[in-house]
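Remarks on the structure that follows.
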Amino acid sequence: MSTTAPSSIAVEARRLTRRFGEFVAVDHLDLSIDRGEVMGFIGPNGAGKSTTIRMFCGLLPPSEGQAMVAGFDVAIQSQQVREHIGYMSQKFSLYGDLTVAENLRFFGGIYRVPQREMAQRLAYVLDMAGLQGRDDALVATLAGGWKQRLALGCAILHRPPVLFLDEPTSGVEPQARRQFWDLIHQLAADGVTILVSTHYMDEAEYCNRIALIDRGRLVAIGTPGELRTRGLGGPLWELQCAPLGTALAVLQQAQGVVDAAIFGDRLHVVAGPGGLTAQALGALLQAHGVQFVSARAVTPSLEDVFVRLVARGQETRPAT
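Here's what the structure looks like:
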């Protein structure tokens, strides 16, 4: 990888690895993010999302591999990297005993925003966050959604070309989460590159592309539509039957069934290519004493895809 990122790429990792002793937190990650793209970073706790973001921010040196952010090498140009990025963590990091305006001025100073531009930048953030007229309010008195929008505003005061958001909507109510994502897309429309990690599968639908990560390894990457299309390897059936436990045990052992899982009060069953039809599934269950009500083909959710891809990776991963 060259020392200067291609003009169309804002963030690039090649075999990026981070070890803590014998534990491999990030395992030879390859990833590239285009300028102005919103990339979702999806994975369970401990998957390596936060460690990857810390390396991208120049806060943690890679054990192996290389990463470029905004044209700078994170290992040898960490200071330049930090000057060209914005970062926001899931833990609210502003000062509750200061006002909205005082927090903005404080972070403006940290980011070395020129004094002649400070008033304009503050006005922009207040407008973006919907906090006009509340600049004298103590931050501790704000609701969770307002705090997160203010934290986002502080992260972009210096107009960084790249923004890293580490589970920024964790614990925020659904309506506030949706409003927060509106702000993310406004920034992307202005050319800001955004990598956002999240636990919420519904939020992944708002991303241009999604990188699925599990136990430090990239499981899959693509648009939400691409992942749903190719992620399962076969058709997905939703079965209504009873009892669910018996039906699940039967289907998990059946030939032609790739995966089966309880989904609410129904079963989701992934059939292999050319595998079982709805009629065949019903006949199989009835032969084992299960009351079969209905089967219908459904479009897989990103949660379906993620669970299957993670399971597939665990099946093929060498034992340690």
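If you're matching positions, the sequence shown starts at 34 in our numbering and goes up one per residue. C-beta: ideal position from N, C-alpha, C; glycine also.
Alpha carbon of residue i to alpha carbon of residue j, nearest angstrom
i    : j    : result
R47  : S65  : 9 Å
P351 : D223 : Note that P351 has pLDDT 49, beneath the 50 cutoff, so the model's placement of it is unreliable and no number is given.
T37  : I217 : With a pLDDT of 47 at T37, under the threshold of 50, the modelled position of that residue is not reliable, and the figure given next carries that caveat. Looking at the two C-alpha atoms, the distance is approximately 26 Å.
T279 : A287 : 13 Å
S360 : N241 : Nothing about residue 360 can be reported from this structure: the residues present for the chain run from 34 to 353 only.
L309 : Q110 : 55 Å
A316 : M101 : 55 Å
T332 : Q324 : 24 Å
V133 : G142 : 14 Å
I42  : A108 : 18 Å
P39  : P194 : For P39, the predicted model reports a pLDDT of 46, less than 50, meaning its position is unreliable; a value from the coordinates is still stated below. Spanning the two alpha carbons is a distance of roughly 15 Å.
R51  : A311 : 46 Å
Q99  : S334 : 33 Å
F140 : F56  : 35 Å
Delimiting residues of the alpha helix (DSSP H) encompassing residue i
i    : result
V158 : Q148 to A162
V225 : Looking at the DSSP string, V225 is not in any alpha helix (DSSP H), and its letter there is neither H nor E.
L317 : A311 to A320
V114 : S111 to E116
Q367 : The displayed coordinates of the chain run from 34 to 353. Any statement about residue 367 would go beyond what the structure contains.
G141 : V133 to I143
L260 : P257 to R263
Classification of residue i by the beta-carbon crowding that lies within 10 angstroms, buried from 16 upward
i    : result
D247 : buried
F89  : buried
R329 : exposed
A162 : buried
H301 : buried
F53  : exposed
V326 : exposed
Y128 : exposed
D337 : buried
K124 : exposed
Q206 : With the sequence shown as reference, residue 206 is identified as Glu, and Gln is not the correct amino acid for it. With fewer than 16 Cβ atoms within 10 Å of its Cβ, E206 is classed as exposed.
D130 : exposed
Where residue i falls: helix, strand or coil (DSSP)
i    : result
C240 : coil
A330 : strand
E70  : coil
V340 : helix
D247 : strand
Q181 : helix
G278 : helix
D130 : coil
Residue i: first and last residue of the uninterrupted beta strand (DSSP E) it sits in
i    : result
T84  : Premise fails: T84 lies in the alpha helix (DSSP H), K82 to F89, not in any beta strand (DSSP E).
A170 : Looking at the DSSP string, A170 is not in any beta strand (DSSP E), and its letter there is neither H nor E.
I42  : I42 to F53
R192 : Element bounds for R192: n/a, residue is neither H nor E.
*Is there contact here, the stretch 280-300 with the stretch 250-260, by at least three beta-carbon pairs under 8 Å?*
no
Quiz item: Counting pairs of Cβ atoms below 8 Å between the stretch 143-161 and the stretch 228-244, do you hit three or more?
Solution: no
Open item on the list: Counting beta carbon pairs with one atom in the stretch 69-88 and one in the stretch 177-193, are three or more of them shorter than 8 Å?
Closed with: no
task = Examine the Cβ distances between the stretch 175-183 and the stretch 141-148 and report whether three or more of them are shorter than 8 Å.
result = no
Query raised in the report: Between the stretch 114-122 and the stretch 55-69, are three or more C-beta pairs nearer than 8 Å?
Result: They do not touch, by the three-pair rule.
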